[in-house]
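Trainee: Take the position in the sequence shown, starting the count at 1, then add 175; the result is the number in our numbering. No residue lacks a Cβ here, since even glycine has one placed at the ideal position from N, Cα and C. All of these numbers come straight from a predicted model, not from anything done at the bench. This is the structure I have questions about; it appears just below.
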Amino acid sequence: MVHFIIENASVLFISMEVLSLLCLLFFGLTRYLFDRRNLSIAFILFFIGITALEAALGWLLFSRTGEISTLQIIITIFVLYALTFGIQDFKRLDRWMKQKIGKRRGIDLLTEKDRDAIQKQNDPIRRARLYRYSSIIHILVFFTAQIVFFSLGTDNTEEAFTYLRDWSWLSSETGHPSETPYPNETIHGISMLWGIILVVDTLYSWSYTIWPKN
Numbered sequence: 176m177v178h179f180i181i182e183n184a185s186v187l188f189i190s191m192e193v194l195s196l197l198c199l200l201f202f203g204l205t206r207y208l209f210d211r212r213n214l215s216i217a218f219i220l221f222f223i224g225i226t227a228l229e230a231a232l233g234w235l236l237f238s239r240t241g242e243i244s245t246l247q248i249i250i251t252i253f254v255l256y257a258l259t260f261g262i263q264d265f266k267r268l269d270r271w272m273k274q275k276i277g278k279r280r281g282i283d284l285l286t287e288k289d290r291d292a293i294q295k296q297n298d299p300i301r302r303a304r305l306y307r308y309s310s311i312i313h314i315l316v317f318f319t320a321q322i323v324f325f326s327l328g329t330d331n332t333e334e335a336f337t338y339l340r341d342w343s344w345l346s347s348e349t350g351h352p353s354e355t356p357y358p359n360e361t362i363h364g365i366s367m368l369w370g371i372i373l374v375v376d377t378l379y380s381w382s383y384t385i386w387p388k389n
């Protein structure tokens, strides 16, 4: 059984992600369109359970292989997102479903708390502040991950600082561990891509502070 899970880990993870999205969709439909609140709670519990299974899958892969793979990193990112930014995104999705389904049914499903949250969400000053916070958190997570990756790919602190002083390894085409501070080519490729995403996200997030009304 464990061998089957490891061999088909990618397919299982993708399947769980699809199921988790369907759970959120069915939550909105059963709660707001069909007015089945107990059933909607079951879909949320299914979503939480699937997220826990994803975390367990990532841990199983690491415990069996003893290595950090691309899939493990992706699973970790998805699980961390679900536990942090995903909560706020779900609340926004919930309000959006209330608006759309309520309009379709000809009733107002929004509460005063929902309207207040929507008003705050559209406030440019508050929105700029939220984007600053998310950008800072993204930066902290990125550099924390880099510390972990460096510790896995270098023998000691002095070697790690050698790479920090000389950034020529950034131009490495192969990403081989002998040329970079990372333990393998996969983590090197992910870090390079993540670095580009971080720059774009930082510029985008702080643009709300520079031009809050635009």
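Just mark residue 209 as buried or exposed, buried being the case when its beta carbon has 16 or more other beta carbons within 10 Å.
Mentor: For the purposes of this step, residue 209 is identified with residue 34 of the sequence shown, where counting begins at 1. Residue 209 comes out exposed.
Trainee: Inspect the beta-carbon positions of residue 336 and residue 373 and report whether they are closer than 8 Å.
Mentor: Counting from 1 along the sequence shown, the entry for residue 336 is found at position 161. Counting from 1 along the sequence shown, the entry for residue 373 is found at position 198. Going by C-beta atoms, residue 336 is not nearer than 8 Å to residue 373.
Trainee: For the segment 230 to 237 against the segment 176 to 194, do three or more pairs of beta-carbon atoms, one drawn from each stretch, fall closer than 8 Å, so that the two count as touching?
Mentor: Touching, per the Cβ criterion.
Trainee: Going by beta carbon distance, what residues of the same chain come within less than 7 Å of residue 215, once the five residues before and after it are set aside?
Mentor: Position 40 of the sequence shown, counted from the first residue, corresponds to residue 215. For residue 215, where only same-chain residues beyond five positions count, the Cβ hits under 7 Å are 202, 205 and 206.
Trainee: In the DSSP assignment, the alpha helix (DSSP H) including residue 309 goes from what residue to what residue?
Mentor: What you label residue 309 is simply residue 134 of the sequence shown in a count that begins at 1. Where residue 309 is concerned, the enclosing alpha helix (DSSP H) stretches over 299 to 328.
Trainee: Which two residues bound the contiguous alpha helix (DSSP H) that contains residue 271?
Mentor: As a position in the sequence shown, residue 271 is number 96, starting the count at 1. Where residue 271 is concerned, the enclosing alpha helix (DSSP H) stretches over 260 to 280.
Trainee: Does the Cβ of residue 383 have 16 or more other Cβ atoms within 10 Å, making it buried, or fewer, making it exposed?
Mentor: Position 208 of the sequence shown holds residue 383. Classification of residue 383: buried, given that the 10 Å Cβ count is 16 or more.
Trainee: Is the segment 313 to 333 touching the segment 360 to 380 in the sense that three or more CB pairs, one from each, lie closer than 8 Å?
Mentor: Contact between the segment 360 to 380 and the segment 313 to 333 is established, with three or more Cβ pairs separated by less than 8 Å.
Trainee: Can you have a look at residue 183 and say buried or exposed, based on whether 16 or more other CB atoms are within 10 angstroms of its CB?
Mentor: Here residue 183 refers to the residue found at position 8 of the sequence shown. Exposed: under 16 other Cβ atoms inside 10 Å.
Trainee: Considering only their Cβ atoms, is the gap separating residue 301 from residue 381 smaller than 8 Å?
Mentor: Walking along the sequence shown from the start, residue 381 turns up at place 206. Walking along the sequence shown from the start, residue 301 turns up at place 126. Taking 8 Å as the Cβ cut-off, residue 381 and residue 301 do not qualify as a contacting pair.
Trainee: Curious, which full-length alpha helix (DSSP H) runs of at least 4 residues does the segment 183 to 264 contain?
Mentor: 184 to 203, 212 to 240 and 245 to 258
Trainee: Just curious, the alpha helix (DSSP H) that residue 378 is in, first and last residue?
Mentor: In the sequence shown, counting from the first residue as 1, residue 378 sits at position 203. Residues 360 to 385.
Trainee: Using the C-alpha atoms, what's the distance from residue 199 back to residue 223?
Mentor: Against the sequence shown, residue 223 aligns to sequence position 48. Against the sequence shown, residue 199 aligns to sequence position 24. Spanning the two alpha carbons is a distance of roughly 10 Å.
Trainee: State yes or no: is the beta carbon of residue 222 nearer than 8 Å to at least one beta carbon in chain D?
Mentor: Looking at the structure shown, chain D is missing, and only one protein chain is on hand.
Trainee: Quick one: residues in its chain with C-beta nearer than 8 Å to the C-beta of residue 185, no 5 flanking neighbours on either side, listed in chain order?
Mentor: For the purposes of this step, residue 185 is identified with residue 10 of the sequence shown, where counting begins at 1. Counting only Cβ-Cβ distances below 8 Å, and skipping sequence neighbours, we find 246.
Trainee: Does the beta-carbon distance from residue 370 to residue 360 come in below 8 Å?
Mentor: Walking along the sequence shown from the start, residue 370 turns up at place 195. Walking along the sequence shown from the start, residue 360 turns up at place 185. Cβ distance not < 8 Å, so residue 370 and residue 360 don't count as in contact.
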